[in-house]
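If you count the sequence shown from 1, you need to add 81 to reach the numbering used here.
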Amino acid sequence: MPIQNCSICGTTLPQALTLTQQSYCQKIECKLSWQRNQHNKIHQHRSQQKALYESARDKRVQHFLVANNLEASDINLVELPYVDTQSSAPPEERLSDFREFLHKLLQTLDEVEDETLIRSPNKTLEHSATALKTLEFCASCQGKCCHKGRQYHSFLQRHTLLKAIQENPHFSIANELNEPNPESIVETYLSHIPEESITDSCLYHTASGCALPGNLRANICSEFYCNNLSDFINKSVSGEAKKHTISVNEQNNTLINIQIIQ
Ligand code: SF4
Ligand code: SF4
Ligand SMILES: [Zn+2]
């Protein structure tokens, strides 16, 4: 049934529009109003889904606390994301793009001063004991933040390569000018790409963690903690954390996992 009238102002729609199923007329205010309504509907739907999730999560957490003999007042509840770990061999095109990217970085190492180092937006208070604990949190999530590593070439920058050159004596020196051998550095980075990595994530992201050795990784890879994890670390460091900690992993408004962090 073709739409006959503008859903906003009620005027009769021209025949050409009724055939397209467009439900607003050609007036800009009607178009904007229609777009606003659509946006509000989507927002409302998302809020409802979130509220349903939160209510289901609260019940699950409640049961979990009872089953484990824990008091809600003793608990730090850390909500984290969750990602699937479907793996596949990276397409040839991604590998050649990455190789090209590394070559470009190496050829412009002298521009390091102009480069803005990628830093974590969160001010996380580092602490060795809590840093160790974060492994359990991140393992439960399976590395959501590493997905951004696809877009940003594993966050590698000139800064990273210069640090890697300094810290890795096996990067051979190519000539009497003491310039690093680009091929050896590029080949080292390429050699650590696993045969299969998490589909559409960083090339080094695998189901069992990061395949790139720590001394070759970008600084952000060891500095970044997502908001909730960062808040928890800060509380732990400043002595505000409660006695027990449980993590809850959520994906698309579904509770995937709930566990006690030791
Ligand atoms: S920092 Fe947060 S998003 Fe990243 S792996 Fe750890 S829990 Fe997941
Ligand atoms: S290099 Fe490792 S830690 Fe960094 S984004 Fe990729 S998988 Fe994550
Ligand atoms: Zn109208």
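For each residue, glycine too, the CB sits at the ideal point set by N, CA and C. This structure is a prediction, so every number in the text was calculated from the model and none was measured.
Given that a residue counts as buried once 16 or more other Cβ atoms are within 10 Å of its Cβ, and exposed if not, what is alanine 245?
buried
Under 8 Å: do the stretch 101 to 111 and the stretch 122 to 130 share three or more Cβ pairs, one atom per stretch?
no
Residues sharing a beta bridge with glycine 290, DSSP
Thr287
Can you determine whether any heavy atom of ligand 1 sits closer than 7 Å to the C-beta of proline 162, and answer yes or no?
yes
Which complete alpha helix (DSSP H) runs does the stretch 219 to 248 hold, if anything under 4 residues is left out?
The stretch 219 to 248 contains, as complete alpha helix (DSSP H) runs of 4+ residues, the segments 229 to 232, 239 to 248 (chain order).
For tyrosine 366, count the other beta carbons within 10 Å of its own beta carbon; 16 or more makes it buried, fewer makes it exposed. Which is it?
What the structure shows of the chain is the stretch from 82 to 343, and residue 366 is not part of that stretch, so it cannot be assessed.
Using only the alpha-carbon positions, how far apart do threonine 205 and phenylalanine 313 sit?
Per the coordinates, the alpha-carbon of threonine 205 lies some 9 Å from the alpha-carbon of phenylalanine 313.
Answer yes if the stretch 289 to 306 comes into contact with the stretch 183 to 191, meaning at least three C-beta pairs across the two stretches below 8 Å, and no otherwise.
no
heavy atom of ligand 2 below 7 Å from serine 169 C-beta
no
By how many angstroms is the C-alpha of serine 289 removed from the C-alpha of isoleucine 339?
19 Å
For phenylalanine 236, is the beta carbon positioned less than 7 Å from some heavy atom of ligand 2?
Yes, the Cβ of phenylalanine 236 comes within 7 Å of a heavy atom of ligand 2.
Can glycine 295 be considered in contact with ligand 2, in the sense that its beta carbon sits closer than 7 Å to one or more heavy atoms?
no
Go ahead and label tyrosine 270 buried or exposed: buried means 16 or more other beta carbons lie within 10 angstroms of its beta carbon, across all protein chains shown.
buried
Taking the DSSP output, what are the residues bridged to histidine 325?
Ile156
Residue from Lys214, Asn333, Ile337, Ala220 whose Cα sits closest to the Cα of threonine 326
Lys214
Measure the CB-CB distance between glutamine 103 and threonine 93 and report whether it falls below 8 Å.
no
Are there 16 or more other CB atoms within 10 angstroms of the CB of glutamine 223, so buried, or fewer, so exposed?
The residue in question, glutamine 223, is buried, as its Cβ has 16 or more Cβ neighbours within 10 Å.
Are the stretch 192 to 201 and the stretch 314 to 325 touching by the rule of at least three beta carbon pairs closer than 8 Å?
By the Cβ rule, the stretch 192 to 201 does not count as touching the stretch 314 to 325, because fewer than three pairs are nearer than 8 Å.
Is the distance from the Cβ of asparagine 330 to the Cβ of serine 168 below 8 Å?
no
I'd like to know whether the C-beta atoms of histidine 346 and valine 147 end up nearer to each other than 8 Å.
It is not possible to answer for residue 346, since the shown part of the chain is limited to 82 through 343.
Skipping 5 residues on each side, what residues in its chain have a beta carbon closer than 6 Å to that of tyrosine 304?
Inspection of the sequence shows that residue 304 is occupied by glutamate rather than by tyrosine. Ser201.
Can you pull the DSSP bridge partners for proline 95?
According to DSSP, proline 95 bridges with nothing at all.
Could you check which residue in Ser311, Leu158, Asn150 has the C-alpha nearest to that of lysine 323?
Leu158
Contact set, ligand 3 heavy atom to C-beta under 6 Å:
Cys87, Ile89, Cys90, Thr92, Tyr105, Cys106, Lys108, Cys111
Could you work out which residue in Gly91, Leu183, Glu174 is closest to histidine 234 when comparing CA atoms only?
For histidine 234, the closest C-alpha among the options Gly91, Leu183, Glu174 is that of Leu183.
For leucine 133, count neighbouring Cβ atoms within 10 angstroms of its own Cβ and tell me buried if that reaches 16, exposed if not.
Around the C-beta of leucine 133, fewer than 16 other C-beta atoms lie within 10 Å, and the residue is accordingly described as exposed.
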